[in-house]
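Colleague:
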Amino acid sequence: MTPARISPQRLRQRMEHLGTIGRGDSGGISRPPFSPAHVEAVRLVAQMMREAGLDPGVDEFGNLIGLGAGGDGPVLLAGSHLDTVPDGGMFDGGLGVVAAVEAAQTLRDAGRRLRHRLAVIAFADEEGHAFDIGTLSSRALVGEIPRSRLETLRDRSGQSLNEYLRARAHGLPVARVPEHAAAYVELHVEQGPVLERMGRAVAAVDSITGILRTTLTFEGRAAHAGTTPMTARADALVGAAELVVAMRELALQHKDRAVGTVGRLSVYPGATNVIPGRVDLSVEARSPGEHELDDLRVAVEQRAQRIAGQEGLRLTVGSWDRSPPVPMDPGVRDAVVQALQTCGQPSLTLPSWAGHDAGVLARYIPSGMIFVASTAGLSHSPREHTPWETAAIGAQVLLETLLILDSAKDATRRLPVAYASQ
Ligand SMILES: [Zn+2]
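In structure tokens form, the structure reads like this:
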């Protein structure tokens, strides 16, 4: 049998070509979903799909789908997203799409016939930048965002999502993601420094982080910053500052299993010569573990109460928004681990600290992820990079994972695709 070996040169050429689309003066990529740059990227990747023997089309939610040859049996899905944050990097999302196309083309060129039909998917809006909903396109696909809500969405320029979808500016035929799917595999850049620090190129992902968010308000007494003695103050910002420091301490108690951030402070009245009377803080904690999230929620509230008591402040805790951790399918994770070994890479599993489309699909079909190292841990930055050799290893791991899943016994489940019936 001809070995199915990814071509590192072709992978790099295709990535560099894709990386010219939406590139600004800083070297960063700006491809908001449905923008002219995004449409151009969709067209380019559709062309790559044709070269790989995949039949490209775009579904009613704007997702590009390249269907491989084969019957009506369950599909093996692989892919990622083509949108970027403003001034982002060329690897976030794009690498997962191009690697999936490469895997399909390499398998076809090697004459490997799979039992499953292969389908590559490039989600339109993962970053959530345009319409303020993360993983918008994958959640729309599975019906998690009601049509009535989709119809009201407008981006910053005032253009409605519906208008974009109806315009079909890419000129590609209508396609649908088949509803019977054996698995979804997404290769993605790690976007953090863990792999690089370990001296590793690739890892299997075992879960996608859970996220806890709320807003806290400390209220004290706004007063003259000169005439009010230090001992007679109720300074809301002093309390907020103590909580910022406490967030770090509370997250660190869980070692590498949790992170915590205060990303936004609003200080009122916000004048140089007035003691802050009120501060609103955003609080975010992430962990791949349910237990850690529960623990952090209690600990943050208790600490905030204690600070309020000590500083003479009134505390209000907003409602907590909690998205639970999403475990990756053990079968897909094990297939990735086995693929790592096939590619001569040490076994390694890591959690993902960022959300991904795989986290959405995992609620319905067996799903998994492959992480490749990010240079200096940078992402959402013009300086985002993954060494080309590492990218090629990742693509080979993806290919081997697809082969392993293809030979595994099917536990096919239905993806509840929310297409309008025709
Ligand atoms: Zn991404």
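Under my numbering, read the sequence shown as residues 2 to 423, first letter to last.
Think of the CB as a built atom: it goes at the ideal place given N, C-alpha and C, for glycine as much as any other residue.
Source: prediction; values computed, not measured.
Can you tell which of Met248, Ile394, Val333 and Arg258 has its C-alpha closest to the C-alpha of Val299?
Modeller: Cα-wise, what sits closest to Val299 is Met248.
Colleague: Quick check: does the Cβ of Asp93 come within less than 6 Å of any heavy atom belonging to ligand 1?
Modeller: Correct: Asp93 has its Cβ closer than 6 Å to ligand 1.
Colleague: Apart from the five residues on each side of it in sequence, which residues of its chain come closer than 8 Å, Cβ to Cβ, to Glu18?
Modeller: The amino acid occupying residue 18 in the given sequence is His; Glu does not appear at that position. Closer than 8 Å at the Cβ level, and outside the excluded window around His18, lie Leu45.
Colleague: On the CB-based measure, 16 or more other CB atoms within 10 Å of its CB, does Pro34 come out buried or exposed?
Modeller: Classification of Pro34: buried, given that the 10 Å Cβ count is 16 or more.
Colleague: Taking all protein chains shown into account, do 16 or more other C-beta atoms lie within 10 angstroms of the C-beta of Leu297, making it buried, or fewer, making it exposed?
Modeller: Result: buried.
Colleague: For ligand 3, is there any heavy atom lying closer than 6 Å to the beta carbon of Ala42?
Modeller: Among the ligands modelled here, namely ligand 1, ligand 3 does not occur.
Colleague: Let me know if Arg15 comes out buried or exposed under the rule of 16 or more other beta-carbons within 10 Å of its beta-carbon.
Modeller: So Arg15 counts as buried.
Colleague: Identify every residue that forms a DSSP beta bridge with Gly89.
Modeller: Answer is Ile30.
Colleague: Can you grab the Cα-Cα spacing for the pair Ser149 / Leu137, in whole Å?
Modeller: Whole-angstrom Cα-Cα distance: 14 Å.
Colleague: Taking just the CA atoms, how far does Ala141 sit from Val361?
Modeller: About 10 Å.
Colleague: From which residue to which residue does the alpha helix (DSSP H) around His18 run?
Modeller: First-last of the alpha helix (DSSP H) with His18: Pro9 to Leu19.
Colleague: Going by beta-carbon coordinates alone, are Ile394 and Ala202 separated by less than 7 Å?
Modeller: Yes, Cβ-Cβ distance for Ile394 and Ala202 is below 7 Å.
Colleague: Would a C-beta distance cut-off of 7 Å place Ala396 and Leu108 closer than the cut-off?
Modeller: Contact flag unset, no.
Colleague: DSSP beta-bridge partners for Asp322?
Modeller: Per DSSP, Arg214.
Colleague: Select from Leu188, Arg167 and Asp207 the residue whose C-alpha is nearest the C-alpha of Ala123.
Modeller: For the residues Leu188, Arg167 and Asp207, the minimum Cα distance to Ala123 belongs to Leu188.
Colleague: Residues bridged to Asp56 by DSSP?
Modeller: According to DSSP, Asp56 bridges with Leu68.
Colleague: Under the three-state reduction of DSSP, which class applies to Arg109: helix, strand or coil?
Modeller: Here Arg109 sits in helix by DSSP.
Colleague: Whole-angstrom Cβ separation of Val98 and Val121, contact assumed at under 8 Å?
Modeller: Their Cβ separation, rounded to whole angstroms, is 7 Å, which keeps Val98 and Val121 in contact under 8 Å.
Colleague: If we count the other Cβ atoms within 10 Å of its Cβ and call it buried at 16 or more, is Pro277 buried or exposed?
Modeller: Result: buried.
Colleague: Below 8 Å on the Cβ atoms is my contact criterion, and I expect Arg315 with Glu220 to pass it. Report the Cβ-Cβ distance as a whole number of Å.
Modeller: The pair is a contact, with the Cβ atoms about 4 Å apart (cut-off 8 Å).
Colleague: Is the Cβ of Arg116 closer than 7 Å to any Cβ of chain C?
Modeller: The structure shown has no chain C; it contains just one protein chain.
Colleague: Just how far apart, CA to CA, sit Gly94 and Ala183?
Modeller: Rounded to the nearest angstrom, the two C-alpha atoms are 22 Å apart.
Colleague: Pick out whichever of Asp133, Thr210 and Arg113 has its Cα sitting closest to the Cα of Met370.
Modeller: Ranking the options by Cα distance to Met370, first place goes to Thr210.
Colleague: Is the beta carbon of Thr85 closer than 7 Å to that of Arg157?
Modeller: Not in contact: Arg157 and Thr85 (Cβ atoms no closer than 7 Å).
Colleague: Residue range of the alpha helix (DSSP H) that Gly281 falls in?
Modeller: The sequence as given places Asp at residue 281; Gly does not occur at that position. Where Asp281 is concerned, there is no enclosing alpha helix (DSSP H), although the beta strand (DSSP E) it sits in stretches over Arg279 to Ser288.
Colleague: Where in the region 97-172 do unbroken runs of the beta strand (DSSP E), each at least 3 residues long, occur, reported from the N-terminal end onward?
Modeller: Counting only runs of 3 or more, we get 118-124.
Colleague: List the endpoints of the continuous alpha helix (DSSP H) containing Val292.
Modeller: First, the amino acid is wrong: residue 292 is His here, not Val. His292 -> alpha helix (DSSP H) spans Glu291 to Glu312.
Colleague: From the DSSP output, in three-state form, read off Asp207 for me.
Modeller: Three-state DSSP puts Asp207 in a strand.
Colleague: Tell me whether Ala359 sits in a helix, a strand or coil according to DSSP, three-state version.
Modeller: In this structure, Ala359 counts as helix in the three-state DSSP scheme.
Colleague: Closest to Ser353 by CA distance: which of Gln346, Ala205 and Leu406 is it?
Modeller: Of Gln346, Ala205 and Leu406, the residue nearest in Cα terms is Ala205.
Colleague: Determine contact between the region 266-282 and the region 231-243, defined as no fewer than three beta-carbon pairs at a distance below 8 Å.
Modeller: Yes: the two stretches touch, three or more of their Cβ pairs being nearer than 8 Å.
Colleague: Which one of Gly29, Ala421 and Gly58 has the shortest CA to CA distance from Phe92?
Modeller: With distances taken between Cα atoms, Phe92 lies closest to Gly29.
Colleague: When you compare only the Cα positions, how much space is there between Cys344 and His357?
Modeller: Approximately 25 Å between the Cα atoms of the pair.
Colleague: Let's test the definition: count the other Cβ atoms within 10 Å of the Cβ of Gln106 and tell me whether it reaches 16, buried, or not, exposed.
Modeller: Burial call: buried.
Colleague: Short of 6 Å in beta carbon distance, which residues of its chain neighbour Ala125, apart from the five on each side in sequence? Order them along the chain.
Modeller: Only Pro34, Gly63, Asn64 and Ser138 meet the Cβ criterion.
Colleague: Would you mind giving the Cβ-Cβ distance between Ala170 and Val40, rounded to the nearest angstrom? I have them listed as a contact below 8 Å.
Modeller: Correct: roughly 5 Å between the Cβ atoms.
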